[in-house]
DNA sequence: TGCGATTAAATCGCGTGCGATCTATATGTA
DNA sequence: TACATATAGATCGCACGCGATTTAATCGCA
């Protein structure tokens, strides 16, 4: 199946496809590229979108709680959440009972956007991709299991 | 299965686990965290490691060819490869026949490191993770198929 | 041959991830 | 109460990814 075109730039396309880590890495890039134009409509990046979804499901979370869900820490989340605050999607407020804790809440506009992106965006994408609910669930389950094994190994 | 500890920070751990995109994203983070200490021994980042593996398989590639395999472009690869050059792992040289093209070649030391990381690192990791060759191959095939669908949709 | 269009790579700015460190608050134990 | 320890966030520097633009070389076609 070697075509003339494959002798030049495409010669080695798929050359790294025997590495599972690369499958995960490159699929992540592809997901990002697919999401980007949709999220641009809301002015959100992909990790910002994840924070909005997490807050849509449970509002008024601490930075640490959000980090627990996204597997990120304050060094990444603090600036990200500050950008969400600057965009008017969330508020950041020190907990009065424990001043070490910062509580993140959706603004009214944030709630509206979070609702939108939680439902419309994934549905719109998965339909465009052409993959069944069952395939998604099975693959996702394998990935979550793998992720847990990787975490245990680390 | 709700434990007392789950009422606080861990309450919503796994809250985003119904999103396939998040499964891919978070598994990518976990892979990176697992690889990091091993690659630190060579002074390589994960994408740098991918370039070294690609060059181990076929040396003397152009920036565009490497990008075709890693799904990246020169805006990402040029600075990355310059760092590999600064570290003494590769050389960068304009093609004499077509001066637009930059050819990347492993140095002697680069060849040695590339050999090492191509074989030892993945084997060492997968053994630590505890996942069979068959599981790896099946999951990876699903991911490559998904990636291709995502690319077509983009 | 000449000249616009195309191509390969480089550059720039911004938003992540993350190791390392710092600050401020809370906790525990004498 | 006092002081060491622990915890939650914040800050900083560096290396990606990537959209947008720029530069330089080649190609195509009259």
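Residue numbers (UniProt numbering), protein chains in the order written: chain A, 1 to 154; chain B, 1 to 154. All C-beta atoms, glycine included, are put in the ideal place defined by N, C-alpha and C.
Taking the alpha carbon of residue i as the point to measure from, which residue in the options has its own alpha carbon closest?
i                     : options                  : result
residue 67 (chain A)  : A:47, A:132, A:84, A:56  : A:47
residue 57 (chain B)  : A:108, A:17, A:141       : A:17
residue 94 (chain A)  : A:78, A:115, A:15        : A:78
residue 44 (chain B)  : B:149, B:114, B:71, B:24 : B:114
residue 38 (chain B)  : B:125, B:96, B:26, B:139 : B:125
residue 62 (chain A)  : A:117, A:149, A:105      : A:105
residue 49 (chain B)  : A:25, A:127, A:30, A:131 : A:25
residue 109 (chain B) : B:139, B:87, B:33, B:96  : B:87
residue 85 (chain B)  : B:96, B:69, B:51         : B:51
residue 152 (chain A) : B:154, B:130, B:149      : B:130
residue 116 (chain B) : B:20, B:19, B:41         : B:41
residue 69 (chain A)  : B:69, B:29, B:71, B:76   : B:29
residue 92 (chain B)  : B:72, B:71, B:60         : B:60
residue 122 (chain A) : A:19, A:101, A:32        : A:32
residue 20 (chain A)  : B:19, B:154, B:133       : B:133
residue 89 (chain A)  : A:100, A:112, A:145      : A:112
What does the Cβ neighbour count give for residue i, buried or exposed, with the cut at 16 atoms within 10 Å?
i                     : result
residue 82 (chain A)  : exposed
residue 136 (chain A) : buried
residue 141 (chain A) : exposed
residue 3 (chain B)   : In this prediction, residue 3 (chain B) has a pLDDT of 31, which is less than 50 and means its spatial position is unreliable; what the coordinates show is noted afterwards. By the 10 Å Cβ count, residue 3 (chain B) comes out exposed.
residue 138 (chain B) : exposed
residue 120 (chain B) : exposed
residue 36 (chain A)  : exposed
residue 27 (chain A)  : buried
residue 14 (chain A)  : exposed
residue 148 (chain A) : exposed
residue 73 (chain B)  : exposed
residue 97 (chain A)  : exposed
residue 65 (chain B)  : buried
residue 143 (chain A) : buried
Using three-state DSSP, classify residue i as helix, strand or coil.
i                     : result
residue 153 (chain A) : helix
residue 3 (chain A)   : Any answer about residue 3 (chain A) is weak, because its pLDDT of 31 lies below 50 and its placement is not dependable; what the coordinates show is given next. Reduced to three states, the DSSP call for residue 3 (chain A) is coil.
Along chain A, which residues have their Cβ under 9 Å away from the Cβ of residue i?
i                     : result
residue 122 (chain B) : 19, 20, 21
What in chain A is Cβ-close to residue i, meaning under 8 Å?
i                     : result
residue 82 (chain B)  : Here the premise fails: no neighbours, minimum Cβ distance about 21 Å.
residue 150 (chain B) : 27, 30, 31, 33, 34, 129
By the criterion of Cβ-Cβ separation under 7 Å, what are the contact partners of residue i in chain A?
i                     : result
residue 153 (chain B) : 34, 128, 129
residue 136 (chain B) : 20
residue 28 (chain B)  : 24, 25, 28
residue 143 (chain B) : 23, 24, 27
residue 44 (chain B)  : Residues of chain A passing the Cβ test: none, with the nearest at roughly 13 Å.
Quick one: which chain B residues come within Cβ less than 8 Å of residue i?
i                     : result
residue 119 (chain A) : In chain order: nothing, as chain B lies at least about 12 Å away.
residue 147 (chain A) : 23, 26, 27, 30
residue 102 (chain A) : Residues of chain B passing the Cβ test: none, with the nearest at roughly 13 Å.
residue 41 (chain A)  : Those within 8 Å of residue 41 (chain A) in chain B number zero; the least Cβ separation is about 15 Å.
residue 92 (chain A)  : What residue 92 (chain A) touches in chain B: nothing, since even the nearest Cβ is about 18 Å away.
Can you name the residues of chain B whose CB is closer than 9 Å to the CB of residue i?
i                     : result
residue 75 (chain A)  : Under the 9 Å cutoff, chain B gives no residues; its nearest Cβ is about 14 Å from residue 75 (chain A).
residue 106 (chain A) : Those within 9 Å of residue 106 (chain A) in chain B number zero; the least Cβ separation is about 15 Å.
residue 38 (chain A)  : Residues of chain B passing the Cβ test: none, with the nearest at roughly 11 Å.
Identify the contact partners of residue i in chain B, using a Cβ-Cβ distance below 7 Å as the criterion.
i                     : result
residue 113 (chain A) : Going along chain B, no residue has its Cβ under 7 Å from residue 113 (chain A), so there is no contact; the nearest lies around 17 Å.
residue 50 (chain A)  : 16, 22
| field | beta strand (DSSP E) runs contained entirely in the UniProt domain "HTH marR-type" (17-148) of chain A, provided each spans 3 or more residues | value | Runs of the beta strand (DSSP E) lying entirely within the UniProt domain "HTH marR-type" (17-148) of chain A, each at least 3 residues long, are 90-94, 102-106 in chain order.
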